[in-house]
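Colleague: Residue numbers are given in full-length UniProt numbering: position 139 of the sequence shown equals residue 139, and the series is strictly consecutive. Glycine included, each C-beta is placed from N, C-alpha and C at the ideal position. This structure is a prediction, so every number in the text was calculated from the model and none was measured.
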Amino acid sequence: MEHNNIEHIFNWLDGASEQAQHQMNITYLDGLALVLEFLFTQKATEEMTDLLKQQLQKKATEIDIDNFEKEEIRKGIQLAALKGMKGATQQQHLITPDTVAMFVGYLANKLIQSNQQIRLFDPACGTGNLLTAVINNLRVNAIPFGSEVDPSLIKIALMSANLQQIDLELFHQDSLRPFLMEPGDLIVSDLPVGYYPDDIVANDYELKADEGHSYAHHLLIEQSMKYTSPGGYLMFIIPNFLFDSDEASKLNAFIQKNAHILGLVQLPTSIFKTENNAKSIFILQKKGQNTKPPKEALMAKLPSFKNASAMNDILVKINQWFKKEGISQT
Numbered sequence: 001m002e003h004n005n006i007e008h009i010f011n012w013l014d015g016a017s018e019q020a021q022h023q024m025n026i027t028y029l030d031g032l033a034l035v036l037e038f039l040f041t042q043k044a045t046e047e048m049t050d051l052l053k054q055q056l057q058k059k060a061t062e063i064d065i066d067n068f069e070k071e072e073i074r075k076g077i078q079l080a081a082l083k084g085m086k087g088a089t090q091q092q093h094l095i096t097p098d099t100v101a102m103f104v105g106y107l108a109n110k111l112i113q114s115n116q117q118i119r120l121f122d123p124a125c126g127t128g129n130l131l132t133a134v135i136n137n138l139r140v141n142a143i144p145f146g147s148e149v150d151p152s153l154i155k156i157a158l159m160s161a162n163l164q165q166i167d168l169e170l171f172h173q174d175s176l177r178p179f180l181m182e183p184g185d186l187i188v189s190d191l192p193v194g195y196y197p198d199d200i201v202a203n204d205y206e207l208k209a210d211e212g213h214s215y216a217h218h219l220l221i222e223q224s225m226k227y228t229s230p231g232g233y234l235m236f237i238i239p240n241f242l243f244d245s246d247e248a249s250k251l252n253a254f255i256q257k258n259a260h261i262l263g264l265v266q267l268p269t270s271i272f273k274t275e276n277n278a279k280s281i282f283i284l285q286k287k288g289q290n291t292k293p294p295k296e297a298l299m300a301k302l303p304s305f306k307n308a309s310a311m312n313d314i315l316v317k318i319n320q321w322f323k324k325e326g327i328s329q330t
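#1: When you compare the CB positions of alanine 161 and glycine 184, do they come within less than 8 Å of one another, or not?
#2: For a test of the three-state rule: what should DSSP assign to proline 183, helix, strand or coil?
#3: Which full runs of the alpha helix (DSSP H) of 4+ residues lie inside the stretch 88-165, going along the chain?
#4: Go through its chain and collect everything with a Cβ distance to tyrosine 159's Cβ below 7 Å, but skip five positions before and after it.
#5: Among Ile237, Glu247, Asp246, which residue has its Cα nearest to the Cα of glutamine 266?
#6: How about residue 332 and leucine 170: do their beta carbons lie closer than 8 Å?
#7: With 8 Å set as the bound, which would you pick, yes or no: does the beta-carbon of glutamine 320 sit closer than that to a beta-carbon of chain B?
#8: With distances taken between CB atoms, is the gap from glycine 84 to leucine 29 smaller than 8 Å?
#9: With a Cβ-Cβ cutoff of 8 Å, do leucine 234 and leucine 284 count as a contact?
#10: What whole-angstrom Cβ distance do glycine 232 and lysine 286 have, given they're in contact under 8 Å?
#11: If you follow the alpha helix (DSSP H) that valine 35 is in, where does it begin and where does it stop?
#12: When the distance is taken between beta carbons, is methionine 24 closer than 8 Å to leucine 56?
#13: At the level of alpha carbons, what is the spacing between phenylalanine 179 and glycine 326?
#14: With the cut-off set at 8 Å, would you say isoleucine 271 and threonine 99 are in Cβ contact?
#15: Identify which residue in Gly288, Gln54, Asn136, Pro192 has its Cα closest to the Cα of lysine 70.
#16: Under 8 Å between the Cβ atoms of lysine 59 and glycine 105?
#17: Using DSSP bridges, identify the partner residues of leucine 234.
#18: Measure from the alpha carbon of proline 268 to the alpha carbon of each residue in Asn290, Phe305, Gln256, then state which is nearest.
#19: Would you call the CB atoms of valine 134 and leucine 120 closer than 8 Å?
#20: Name the DSSP beta bridge partners of isoleucine 261, please?
#21: Give the DSSP-derived three-state secondary structure of threonine 228 in the structure shown.
#22: Taking the C-alpha atoms as reference points, what is the distance between glutamine 289 and asparagine 307?
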């Protein structure tokens, strides 16, 4: 994978998205979605101005997307999406850091048997960056699904998957309403943190708040558990304060009843703006007929991703834990 290629893709998308933004008086993210669609279909849409059509058709000669690897395309799109989300007013306009997405993919390979075809689901997929990063790094065949309520983000997710030649089924809906889908074998999600405004929908959940609005991230854990096969795995990127909230005891009781806690991997605080924003990867297995809790849960704190020596030491520790627990499949 070439850094220059990623930069080339980003620069092309960035220039084209800015043109779309200014020509059509739309947000950068909506411009990016429009440009990604153009790059995939090689056709201008009716909504585009004549000038923008001419500009994009001229710019199309500067790039041949088929010459790039999937991960180069994903990372180029991610950089453009990150630019669009800078200063975004909506809290859900956030993106999973690339190093974190890759690490979730590494852990997924440890959990899944090498001869298995899996159903993979992200109930809050955003631009699809975490989901497609995991797919691209999996050593097994995955049938992926994602859900996202935001129209701009889901369009970027769809076009990103198309350009990476990933067959991804997406649900454009409130992820806390019922899905028309079979349960998944692996759930991955960077949980959006905050209150869920629809108290009527929340009322159907065990983890609804006793008073006022419920926590969306708590409800998403319950929803994810519902759409996981018995014995399936769940990996959530969670805020470090998850179990310090006023509803934490109820959440803890729900998890203990429905799943085995396999581990908690604390991410380096250096990749987050403040310590209050710091997150961890929470690894669960849904209880099933033949499942059992680990002898000892994996507890690890990752060093800076830039510290290769310290990172190697922690990877040795994690690998030893998987072997000791008899989970390691690779």
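Modeller: Taking the coordinates as given:
#1: Sequence index remark: in the sequence shown, residue 161 carries index 161 (1-based). Sequence index remark: in the sequence shown, residue 184 carries index 184 (1-based). In this structure, glycine 184 does not lie closer than 8 Å to alanine 161 by Cβ.
#2: What you label residue 183 is simply residue 183 of the sequence shown in a count that begins at 1. DSSP places proline 183 in coil when its eight states are reduced to three.
#3: Counting only runs of at least 4 residues, the stretch 88-165 fully encloses the following alpha helix (DSSP H) elements, listed from N- to C-terminal order: 98-111, 129-137, 151-163.
#4: Walking along the sequence shown from the start, residue 159 turns up at place 159. Correcting the residue type first, residue 159 is methionine in the shown sequence and not tyrosine. Ala33, Leu36, Glu37, Phe40, listed in sequence order.
#5: Here residue 266 refers to the residue found at position 266 when the sequence shown is read from its first residue. When each option's Cα is compared against that of glutamine 266, the closest is Ile237.
#6: Lying before the first or after the last residue shown, residue 332 is absent from the chain, which here runs from 1 to 330.
#7: Within the model displayed, chain B is absent; a lone protein chain is all it includes.
#8: Against the sequence shown, residue 84 aligns to sequence position 84. Against the sequence shown, residue 29 aligns to sequence position 29. In this structure, leucine 29 lies closer than 8 Å to glycine 84 by Cβ.
#9: Translated into the one-based positions of the sequence shown, residue 234 becomes position 234. Translated into the one-based positions of the sequence shown, residue 284 becomes position 284. Yes, these two residues count as a Cβ contact at 8 Å.
#10: Translated into the one-based positions of the sequence shown, residue 232 becomes position 232. Translated into the one-based positions of the sequence shown, residue 286 becomes position 286. Rounded, the Cβ-Cβ distance is 5 Å, consistent with contact.
#11: Taking the first residue of the sequence shown as 1, we reach residue 35 at position 35. Per DSSP, valine 35 belongs to the alpha helix (DSSP H) from 28-41.
#12: Taking the first residue of the sequence shown as 1, we reach residue 56 at position 56. Taking the first residue of the sequence shown as 1, we reach residue 24 at position 24. No.
#13: Numbered from 1 along the sequence shown, position 179 holds the residue referred to as residue 179. Numbered from 1 along the sequence shown, position 326 holds the residue referred to as residue 326. If you draw a straight line from the Cα of phenylalanine 179 to the Cα of glycine 326, it comes to about 33 Å.
#14: Working through the sequence shown from its first residue, we reach residue 271 at position 271. Working through the sequence shown from its first residue, we reach residue 99 at position 99. Going by C-beta atoms, isoleucine 271 is nearer than 8 Å to threonine 99.
#15: Translated into positions along the sequence shown, residue 70 becomes position 70. Here the closest residue by C-alpha is Asn136.
#16: Working through the sequence shown from its first residue, we reach residue 59 at position 59. Working through the sequence shown from its first residue, we reach residue 105 at position 105. In this structure, glycine 105 does not lie closer than 8 Å to lysine 59 by Cβ.
#17: Counted from its first residue, the sequence shown places residue 234 at position 234. The partner list for leucine 234 (beta bridge, DSSP) reads Ile187, Leu284.
#18: The residue labelled residue 268 in the question sits at position 268 within the sequence shown. Out of Asn290, Phe305, Gln256, Phe305 has the C-alpha closest to the C-alpha of proline 268.
#19: Counted from its first residue, the sequence shown places residue 134 at position 134. Counted from its first residue, the sequence shown places residue 120 at position 120. Yes; because the gap between Cβ atoms is below 8 Å, this pair is in contact.
#20: The residue labelled residue 261 in the question sits at position 261 within the sequence shown. DSSP output for isoleucine 261 lists Leu284 as bridge partner(s).
#21: Counting from one through the sequence shown, the residue named residue 228 turns up at place 228. Threonine 228: strand per DSSP, three-state reduction.
#22: Position 289 of the sequence shown, counted from the first residue, corresponds to residue 289. Position 307 of the sequence shown, counted from the first residue, corresponds to residue 307. Glutamine 289 and asparagine 307: Cα-Cα distance of roughly 41 Å.
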